[in-house]
Amino acid sequence: MKQTIIYLLGILFFFSCEEKKSNSEKFPESVQETNKNVLKNKLSRDEALQILKQKAIGSTETVVLARYFKQADWQTDAKANIYGEGGPQTVSVAYLLSTGLFTEKLESESGWKPVLYHKRLNITTEGKKYVQQEINEEYRLKCFDLEIDNITGIIEEIPEQKIKVEYSLKKVNETPFSDWFKGQVVMKGYKKLIKYDDGWRVE
Numbered sequence: 001m002k003q004t005i006i007y008l009l010g011i012l013f014f015f016s017c018e019e020k021k022s023n024s025e026k027f028p029e030s031v032q033e034t035n036k037n038v039l040k041n042k043l044s045r046d047e048a049l050q051i052l053k054q055k056a057i058g059s060t061e062t063v064v065l066a067r068y069f070k071q072a073d074w075q076t077d078a079k080a081n082i083y084g085e086g087g088p089q090t091v092s093v094a095y096l097l098s099t100g101l102f103t104e105k106l107e108s109e110s111g112w113k114p115v116l117y118h119k120r121l122n123i124t125t126e127g128k129k130y131v132q133q134e135i136n137e138e139y140r141l142k143c144f145d146l147e148i149d150n151i152t153g154i155i156e157e158i159p160e161q162k163i164k165v166e167y168s169l170k171k172v173n174e175t176p177f178s179d180w181f182k183g184q185v186v187m188k189g190y191k192k193l194i195k196y197d198d199g200w201r202v203e
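Taken in order, the sequence shown gives residues 1 to 203; the numbers are from my numbering.
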């Protein structure tokens, strides 16, 4: 009888060990620890915002203004050409001069009745702060900057210790040429962040 009891206890002990082993194989300690660590080190929206701001996410939108234009002697105004996203357009030279950011210079004239004046636009000292680049007969002018505004969502990917951070953008530093930009402005985006031993980094 005593031997039978010992035998049964041995069988129960064996199956108990097998069950623990099976559970361990299904849920390894490394996976459990990973889950705990990720949950313990959750990234807040404010923290994610500061990380992305350090990466200077955003862009500067510009247009190109052609400096050279023609004006007939009977015209009270002329048009200057603008090139950029959204297609070409024109702007009144009289308007440009009224802003105090440009002056005009007569380069030459041709024809007779009507006389055709060949003119060139020059940027003033006040306007130079908006010039991104000057190439030959063109000014590349800044319209506005896009920079990160808010975090709109955080999606966790626990097994890989990654998160997908969705954000919105906003217009800042708008210039007098802001309305000239006719391209499509994307006001949202996302970045993936990875958890390292020293903190979160942009992938």
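All residues carry an ideal CB built from backbone N, CA and C; glycine is no exception. On a predicted model such as this, the values are computed, not experimentally measured, just so you know.
query	result
Per DSSP, the bridge partner or partners of aspartate 145	Thr60, Val172
Buried/exposed call for tyrosine 196, threshold 16 Cβ in 10 Å	exposed
Separation of threonine 62 from tyrosine 139, as counted between CA atoms	10 Å
Check whether aspartate 149 and lysine 164 have beta carbons under 7 Å apart	no
Glycine 183 and glycine 58 closer than 7 Å at C-beta	no
Given tryptophan 180 as reference, the closest of Ala80, Pro114, Ala72 once Cα atoms are compared	Ala80
Delimiting residues of the beta strand (DSSP E) encompassing serine 98	It is not in any beta strand (DSSP E) - serine 98 instead sits in the alpha helix (DSSP H) that spans 93-98.
Burial state of threonine 175 (16 or more Cβ within 10 Å)	buried
Residue range of the alpha helix (DSSP H) that includes arginine 45	45-54
Distance between isoleucine 194 and leucine 65 (C-alpha atoms, nearest Å)	43 Å
Neighbourhood of serine 110 by C-beta, 6 Å cutoff - its chain only, sequence neighbours within 5 removed	Leu116
8 Å contact criterion, which glutamate 137 and arginine 67 should meet: CB distance rounded	5 Å
Own chain residues within Cβ distance below 6 Å of arginine 45, not counting five before or after	Ile151
Coarse secondary structure for lysine 128, derived from DSSP in three states	helix
Straight-line Cα distance separating lysine 53 from phenylalanine 69	42 Å
Nearest candidate by alpha-carbon position, reference lysine 103, set Val91, Arg120, Val186	First, the residue type needs correcting, since residue 103 is threonine and not lysine in the sequence shown. Nearest option by C-alpha distance: Arg120.
Limits of the unbroken beta strand (DSSP E) element including threonine 76	It is not in any beta strand (DSSP E) - threonine 76 carries neither H nor E in the DSSP assignment.
Whether serine 168 touches lysine 191 by CB criterion (7 Å)	no
Glycine 127 classed as buried or exposed, judged by whether at least 16 other C-beta atoms fall within 10 angstroms	buried
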